[in-house]
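Residue numbers are given in the UniProt record's numbering: position 62 of the sequence shown equals residue 62, and the series is strictly consecutive.
Cβ coordinates follow ideal geometry from the N, Cα and C atoms, glycine included.
None of the values given here were measured: they were computed from a predicted structure.
Notes follow once the structure below has been shown.
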Amino acid sequence: MDSTDVQDDIIITVQMLSKLVLVNLNLKASLSEVRKKLEKISEVKMNDTFSFAMMTDNNSSTGGSLLAVIAREDEVKIILEKIIDKKSKTLYLSEPDWRFFKDKNKLEYGRSVTLERAKSRAFTIVDCEMDEIDDGYEKSQIQINSDEDKHIKNDRLLIADIDIPNFAKLGVSIENSNTKNSNVATSLNYNIIEYKKRSLRLKLEPTKEFIEAIKDVIDSKDPRKFKDIINDFGQFIPKEIILGGKACFIANENSEKNSKKNSGEYSANIGAQVLNMEFGKKSSRHLNTSNSSKYQSFKLFGGKQFSSSNFDEPVWVESLNDFKCWSCIKFKDPVNVFQILPEELRKQILLLVGKKILYTNTQYYTLGFGFSIFCHHPRIHHTIKLNIPKNILEILQHKDTECSVFATVNDKKEKDILNCQVICSQNEDPRLKIHCIQKKFRKRKLMIEWKIIGYDINFDF
Numbered sequence: 001m002d003s004t005d006v007q008d009d010i011i012i013t014v015q016m017l018s019k020l021v022l023v024n025l026n027l028k029a030s031l032s033e034v035r036k037k038l039e040k041i042s043e044v045k046m047n048d049t050f051s052f053a054m055m056t057d058n059n060s061s062t063g064g065s066l067l068a069v070i071a072r073e074d075e076v077k078i079i080l081e082k083i084i085d086k087k088s089k090t091l092y093l094s095e096p097d098w099r100f101f102k103d104k105n106k107l108e109y110g111r112s113v114t115l116e117r118a119k120s121r122a123f124t125i126v127d128c129e130m131d132e133i134d135d136g137y138e139k140s141q142i143q144i145n146s147d148e149d150k151h152i153k154n155d156r157l158l159i160a161d162i163d164i165p166n167f168a169k170l171g172v173s174i175e176n177s178n179t180k181n182s183n184v185a186t187s188l189n190y191n192i193i194e195y196k197k198r199s200l201r202l203k204l205e206p207t208k209e210f211i212e213a214i215k216d217v218i219d220s221k222d223p224r225k226f227k228d229i230i231n232d233f234g235q236f237i238p239k240e241i242i243l244g245g246k247a248c249f250i251a252n253e254n255s256e257k258n259s260k261k262n263s264g265e266y267s268a269n270i271g272a273q274v275l276n277m278e279f280g281k282k283s284s285r286h287l288n289t290s291n292s293s294k295y296q297s298f299k300l301f302g303g304k305q306f307s308s309s310n311f312d313e314p315v316w317v318e319s320l321n322d323f324k325c326w327s328c329i330k331f332k333d334p335v336n337v338f339q340i341l342p343e344e345l346r347k348q349i350l351l352l353v354g355k356k357i358l359y360t361n362t363q364y365y366t367l368g369f370g371f372s373i374f375c376h377h378p379r380i381h382h383t384i385k386l387n388i389p390k391n392i393l394e395i396l397q398h399k400d401t402e403c404s405v406f407a408t409v410n411d412k413k414e415k416d417i418l419n420c421q422v423i424c425s426q427n428e429d430p431r432l433k434i435h436c437i438q439k440k441f442r443k444r445k446l447m448i449e450w451k452i453i454g455y456d457i458n459f460d461f
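Structure follows, in structure tokens:
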């Protein structure tokens, strides 16, 4: 006789973290069979992050009850009847707690621009919104020129599609370094496979230690000590984390240009602890010998670990069904550690550091001034728009920056300095009004140099 006879079907209350669901289940069914059925229930959508649990008495002095999680390998041997609450007919499902990932990945610690974790904890996660990512599979390819700043190479290994403008606000250099001594151009190509499982959106508050360290620097009246704060507590912290697995296949291509100089073979040597990265030599597999040589390297983040010679993607993907195997694979919404401080403390920091040059630019115009046969009145001024990038314009319009715009206008040929006036009207972009009074109409080739000075609300010290 079938052990899962229909007469054993009863209405069970499935208790999840956020809701209760009534489901018709068979008491004699194994937990592995129950799992398959719950996967098809739209209100449950059971997946591999859920575990069956059983309510047990807590023998400690505090009393109460605890949920005991059942190991996945035991599900085939245990039937539903053995674990449900007999009185309430309740089946308990345990979901991964964001606190597990907080502790495993040290999410309350800031990071340096090279992604190295800070040594002192700057924040406390007071709340976290954890969401499942549907269809989190993604394949991509990136190419990084070896002449780029090595910090960027390190960053892009794990956060290739991070919001680069946000990183620019944090003071991370995203410009190419001007390397002129090498005639060898090298590019690194990364083929990346991602399986995104969960996103964590963090609500952060500064720790007492972090606040006290800030106050000590303010009391010292020495803004240079903020560098020590950054060294201890990091420069930025991501407010959103993507968990899952990532496989990086790294092809290193060296192309010679009129030189026989050996540039060496560099690749990203990423440590076992995710995001603790260092740059150095790494063993690689030689694929080609000619003026163009290729090297193939390999690294996994999360899931079962393989070498490049025996990587089994289906097995690796299957291992990611265990949430304990997930790693941080992406940083999103990075913010400067000072920006999460209370408003009054941020203002004190800005006052101590003082105003600085936030942006400079030079624009060239050819403009005509004076009397012309085509008009009855002389042209004595022109108004031009200043070419301000969007991110700088946002800073300029922020009330806490207290920005000022300064400009000079030069006619380099005539070696004249023209009078100018910066016009900053509310709800309008800054403009520059250039004055020049002369009898005869004449075009002038002008060089306009201007700069924005104010408080740096991005705290790029």
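Report yes if the CB atom of Ser327 is closer than 7 Å to the CB atom of Gly234, and no otherwise. Contact: no.
Tell whether a beta-carbon distance below 7 Å holds between Glu240 and Lys332. Result yes, Cβ atoms of Glu240 and Lys332 sit closer than 7 Å.
Ends of the alpha helix (DSSP H) at Asp232? 226 to 233
Could you check whether the Cβ of Lys19 sits closer than 7 Å to any Cβ belonging to chain C? Protein chain content of the structure displayed is limited to a single chain, and chain C is not contained in it.
Find the nearest neighbour of Glu108 within the set Ile457, Ile340, Lys443, judged by alpha-carbon distance. Ile340
Between which two residues does the beta strand (DSSP E) holding Pro314 run? Segment 313 to 319 is the alpha helix (DSSP H) holding Pro314; no beta strand (DSSP E) there.
In whole angstroms, what is the alpha-carbon distance linking Pro223 and Gln363? If you draw a straight line from the Cα of Pro223 to the Cα of Gln363, it comes to about 34 Å.
Bridge partners - Tyr137, DSSP secondary structure assignment: Tyr195
Nearest-angstrom Cα separation, counted from Val317 out to Asn310: 14 Å
What are the complete alpha helix (DSSP H) segments, minimum 4 residues, inside the stretch 89 to 143? Secondary structure in the stretch 89 to 143: the alpha helix (DSSP H) runs of 4 residues or longer, each lying completely within the stretch, are 98 to 105 in chain order.
Per-residue burial, Ile329 [other beta carbons within 10 Å of its own, 16 or more giving buried]: buried
When the Cα atoms are used, what is the spatial distance from Thr401 to Asp456? 6 Å
Going by the DSSP bridge assignment, what does Thr383 pair with across the sheet? Beta-bridge pairing links Thr383 to Lys433.
Would you call the stretch 435 to 444 and the stretch 347 to 359 touching, i.e. three or more CB-CB distances under 8 Å? no
Residue from Gln426, Lys227, Phe52, Val14 with nearest C-alpha to residue 505: It is not possible to answer for residue 505, since the shown part of the chain is limited to 1 through 461.
Looking only at its chain, what residues have a beta carbon closer than 7 Å to the beta carbon of Ile229, apart from the 5 residues adjacent to it on each side? Ala213, Ile214, Val217
Selection from Ile453, Ile423, Thr383 that minimises the alpha carbon distance to Cys403: Cα-wise, what sits closest to Cys403 is Ile453.
Might you give, ordered along the chain, the residues of its own chain that have their beta carbon closer than 7 Å to the beta carbon of Ile133, omitting 5 neighbours on each side? Lys196, Lys197, Arg198, Ser199
Arg72 to Ser51, Cα distance in whole Å? It is roughly 7 Å from the alpha-carbon of Arg72 to the alpha-carbon of Ser51.
With H, G and I counted as helix, E and B as strand and the rest as coil, what does DSSP make of Gly244? strand
Just mark Asp163 as buried or exposed, buried being the case when its beta carbon has 16 or more other beta carbons within 10 Å. Confidence at Asp163 is low in this model, with a pLDDT of 47, below 50, so its placement is unreliable and no value can be given for it.
Euclidean distance between Cα positions of Lys227 and Ile125: 24 Å
What does DSSP give as the partner residue(s) for Thr408 in the beta ladder? Residue pairing from DSSP places Thr408 in a beta bridge opposite Glu449.
Taking the alpha-carbon positions, what's the Thr360 to Ile380 distance? Each residue's Cα considered, the two are about 27 Å apart.
Buried or exposed for Tyr137, going by 16 or more other Cβ atoms inside 10 Å? exposed
Could you check where the beta strand (DSSP E) with Phe369 kicks off and where it finishes? 356 to 369
Cβ-based burial, Leu91 [other Cβ within 10 Å; buried from 16]: Buried.
Less than 8 Å between the CB atoms is what I'm expecting for Arg444 and Leu386, so what's the real figure, rounded? Between Leu386 and Arg444 the Cβ distance is about 18 Å, and since that is not below 8 Å, they are no contact.
Could you tell me which residues DSSP puts in a beta bridge with Asn47? Bridge partners of Asn47: none, in fact.
If Val409 and Cys420 are in contact, beta carbons under 8 Å, what's the gap, nearest whole angstrom? 5 Å
N-terminal and C-terminal residue of the beta strand (DSSP E) that Phe331 is part of: 327 to 336
What residue range is occupied by the uninterrupted alpha helix (DSSP H) comprising Asp219? 208 to 220
For Arg201: DSSP bridge partner residues: Glu129, Glu240
Can you list, in chain order, the residues of its chain whose CB lies under 8 Å from that of Lys347, leaving out five sequence neighbours each side? Asp400
Could you pull out every residue in the same chain whose Cβ sits closer than 6 Å to the Cβ of Cys128, ignoring the five residues on either side in sequence? Scanning its chain for C-beta atoms nearer than 6 Å, with the 5 sequence neighbours on each side dropped, one finds around Cys128 the residues Trp98, Leu200, Leu202, in chain order.
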